[in-house]
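Worksheet: the structure to be examined is printed underneath.
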Amino acid sequence: GTGGFPNLVVFDQVSFETYENSLDDKVRYTNTRMADMGFETIKLKGATCIWDEVTPDIDTGTTFDETGITKGTAFFINTRNYKVVVDSETNIITTPFITPENQTAKTAKILFMGNAINTALRKGGVAYGISQTIVA
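Numbering (UniProt numbering), first residue to last: 1 to 136.
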């Protein structure tokens, strides 16, 4: 369908490393673009897999800054469906310079208003409750 399947999977660190370790005898890094930037990536059904330290434990509701994350989470994202919508009246607009009271400086504000949107939520997903061990 429109936009295709997810092309990015964001894991928590433990789930990523568990998945990576389960592939140890099958490792082949083929994404030279990511490797050239210093990233080692793995694939899952053609989607690039990465981990992020702030991925929460969706199963238990534990956030990344709490201890006790017991289950893993993976977000499946179709980046082709993400866009930034910009308000044309506040698209990097500079206000007039003013001199604040009791200061010898001039200041101005730079305004921006935008919103990140997803045009096809049905093309993504989340897997949660991921075991943190490899089971044969």
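Note that CB positions come from ideal geometry on N, CA and C, so glycine has one too.
According to the DSSP assignment, N21 belongs to no beta strand (DSSP E) but to the alpha helix (DSSP H) extending over Q13 to S22.
In the DSSP assignment, V54 falls outside any beta strand (DSSP E), carrying neither H nor E.
Under DSSP, the beta-bridge partners assigned to F75 are V10 and V126. The secondary-structure analysis by DSSP pairs L111 across a beta bridge with I93. The C-beta distance from T133 to L111 rounds to 50 Å, too long to meet the 8 Å contact threshold. In the same chain as T60, and ignoring 5 residues on each side of it, the C-beta atoms closer than 7 Å to its own belong to T70 and K71, in chain order. Distance check between T18 and each of A105, I42, N7 and F5 places I42 closest, using alpha-carbon atoms only.
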